[in-house]
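Visitor: Right, I'll just put the structure down here and ask away after.
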Amino acid sequence: MIPNARIPLYQCLTLCLGAALSFPALSADNTALMGLLKVLRDKGTLSDAEYQALVQAAAGDQEKAEETGKAVAAVSDKVGTLEQNSKALAALSDNVDAMAWARKVRLTGDMRNRFEHISTDNQHDRSRARLRYRLGIIANPVEQIEVGAGLASGSADPRSTNQTFSDTFSSKSINLDYAYTQVSTPLGSGNAKAIAGKFKFGDYLWLSDDLLWDSDITPEGVSIDYAVDSELGKTFANAGVWVLGEFGNDSNDPYVVYGQLGQKFGADDLFATLAGTYYSFSDIRPGTTGGLRGGNIGTFSAGTNTDHRFDVVTLNAELGSKRLFGSDWTGSLFGSYVNNTDTSSNQDTGFSLGANLGKGPLSFKYLYGNLDANAFLDIFPDSDRFGGATDVRSHELEVAYKIHKNVTLSVDYYHNERKSLGTDQDLLQTDISVKF
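First residue of the sequence shown? That's 0 in numbering that gives the first Met the number 0, and the numbers climb one at a time after it.
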């Protein structure tokens, strides 16, 4: 190298700028670059003007490098924030999915504790404590489809979900109370629903009282409901086929086909419902005494039917007001009539007449029922009337008070009489019920 030889200016600029670009560390801390420029100036390679120009350029690169570093740091922070947001969004998505599932599924149920006293002619008085627990899960997996299932305490008896406190703290049974699939859809000017499985009566059979059907019964089979709203109120039609038994060694299984036509009315505070129903029972065989006991569906029979033929016509009605005489009291009158058109027995009719009265949390109910021996199958009527027997007349008076919207205290009293035997029975029940 020739001493004090001057390097062309463009080569020096190229060298310095190349160093600044090739070695980012120098851009971040340009001490070495500044020293190099000073050496070149001292050796005469750079003039003072060239030196000053390059120093200013290096200082500008340093500022740019610092700005770039700040930008990179900001981007890094944003990337970190995005990662955190991504994790938060993933958690939020999981929560949204869980909430969407929760909206499709709901729980329902109740718990009842009861003390009961029974006094029957020519029998020892009986007192017992009982419980009833029911839990249901209802799901709507897709629009217009509902799937439900429920568990309940009790036994195989279709008219009771009670468990009596006994057997030295023994465990109590839980059974499948209902399980069904329901489909609903608009149809014409109304709405249609169909249900299959084991289900509650619900909209598929309107009843004014429990003279013929105990409230614990959940029929098995298929039913349809069609309802149309109009200026008069709601017109509804129900029909179904319910299976009563199935036998592997016989193709003639017992079942019932029914159809119902009804009308609900409403005007101001007044309301009313009227419905007629026809039941056709098939392949029900007589027992050894001519009734159902010992027959093909007599497992839970009360043993009071004396015939096995049933084609039954019923009429149910209710008329009431949400404000009786302009007061805060609500009330209604209700009743039913039943006639078995197929039996050869003259014990073929029944009827009920009752009233509801309430104000705020307090309510009263009275019901008189009279049911001939062969007016209806003795497997289905309310079990609190002589164990669900036919050939019964009874009076029922109930007083209930809601101490909370989901908690009710009630006292229910029955005076029952077996008509053909002249035997009386008094039944007193005190309940505390909690719904959830």
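Glycine included, every Cβ here is placed at the ideal spot set by N, Cα and C.
Measure the beta-carbon distance from Trp-328 to Lys-358 and round it to whole angstroms, keeping in mind my assumption that it falls under 8 Å.
Guide: Yes, Trp-328 and Lys-358 are in contact; Cβ-Cβ is about 5 Å, under 8 Å.
Visitor: For Trp-205, is the classification buried or exposed, using 16 other Cβ atoms within 10 angstroms of its Cβ as the cut-off for buried?
Guide: By the neighbour-count rule (16 or more Cβ atoms within 10 Å), Trp-205 is buried.
Visitor: Taking contact to mean at least 3 C-beta pairs separated by less than 8 Å, is the stretch 376-389 in contact with the stretch 299-306?
Guide: Yes, the stretch 376-389 is in contact with the stretch 299-306.
Visitor: Please state if the CB of Val-410 and the CB of Met-110 are separated by a distance shorter than 7 Å.
Guide: No, they are not a contact pair.
Visitor: Using the Cβ count rule (16 or more neighbours within 10 Å means buried), how would you classify Glu-317?
Guide: Glu-317 comes out buried.
Visitor: Ignore the nearest five residues each way along the sequence and tell me which others in Ala-148's own chain have a CB closer than 6 Å to its CB.
Guide: Result list for Ala-148: Ile-136, Ala-178, in chain order.
Visitor: For Asp-213, does the count of other Cβ atoms within 10 angstroms reach 16, so buried, or fall short, so exposed?
Guide: Classification for Asp-213: buried.
Visitor: Can you tell me whether Glu-245 is buried or exposed, with buried defined as 16 or more other CB within 10 angstroms of its CB?
Guide: By the neighbour-count rule (16 or more Cβ atoms within 10 Å), Glu-245 is not buried but exposed.
Visitor: If you count every other CB in all the chains shown that lies within 10 Å of the CB of Pro-7, and 16 or more means buried, which is it?
Guide: Because Pro-7 carries a pLDDT of 48, less than 50, the predicted location of this residue cannot be relied on, and the following value inherits that uncertainty. By the 10 Å Cβ count, Pro-7 comes out exposed.
Visitor: How about Asp-390 and Ser-419: do their beta carbons lie closer than 7 Å?
Guide: Yes, these two residues count as a Cβ contact at 7 Å.
Visitor: Could you spell out the range, first to last residue, of the beta strand (DSSP E) harbouring Val-221?
Guide: Start and end: 219-228.
Visitor: Going straight from the alpha carbon of Asp-156 to that of Ser-229, what length do you get?
Guide: Going by the C-alpha atoms only, they are around 41 Å apart.
Visitor: Quick check on Gly-201: does DSSP put it in helix, strand or coil?
Guide: Correct three-state label for Gly-201: helix.
Visitor: When we look at the beta-carbon of Glu-142 and count the other beta-carbons within 10 Å, is it buried (16 or more) or exposed?
Guide: Classification of Glu-142: exposed, given that the 10 Å Cβ count is below 16.
Visitor: Output needed for Thr-234: all residues of its chain with C-beta closer than 6 Å, excluding positions within five of it in sequence on either side, in chain order.
Guide: Closer than 6 Å at the Cβ level, and outside the excluded window around Thr-234, lie Val-227, Gln-262.
Visitor: Please determine, among Ser-335, Arg-158, Leu-426, Leu-361, the residue with the shortest C-alpha to C-alpha distance to Asn-369.
Guide: Nearest of Ser-335, Arg-158, Leu-426, Leu-361 to Asn-369, Cα basis: Ser-335.
Visitor: Distance, Cα to Cα, Ala-90 vs Val-104?
Guide: Roughly 21 Å between the two C-alpha positions.
Visitor: Quick one: grab the DSSP three-state call for Lys-86.
Guide: The answer is helix: DSSP assigns Lys-86 an H, G or I state.
Visitor: What does a CB cutoff of less than 6 Å around Tyr-412 pick up in its chain, not counting 5 residues either side in sequence?
Guide: Cβ neighbours of Tyr-412 beyond the five flanking positions: Leu-396, Leu-427.
Visitor: Taking the alpha carbon of Phe-280 as the reference point, which residue from Gln-259, Pro-253, Ala-87 has its own alpha carbon closest?
Guide: Closest option to Phe-280, Cα to Cα, is Pro-253.
Visitor: If we ignore side chains and look at the alpha-carbon of each, how far apart do Leu-88 and Trp-100 end up?
Guide: Cα to Cα, Leu-88 sits roughly 18 Å from Trp-100.
Visitor: Does Gly-135 come out as helix, strand or coil in the three-state DSSP assignment?
Guide: DSSP places Gly-135 in strand when its eight states are reduced to three.
Visitor: Looking only at its own chain, which residues have a Cβ that is under 6 Å from the Cβ of Leu-210, when we skip the five neighbours before and after it?
Guide: Hits under 6 Å: Ser-335, Ser-351, Gly-368.
Visitor: Give the DSSP-derived three-state secondary structure of Gln-51 in the structure shown.
Guide: Note: Gln-51 maps to helix in three-state DSSP.
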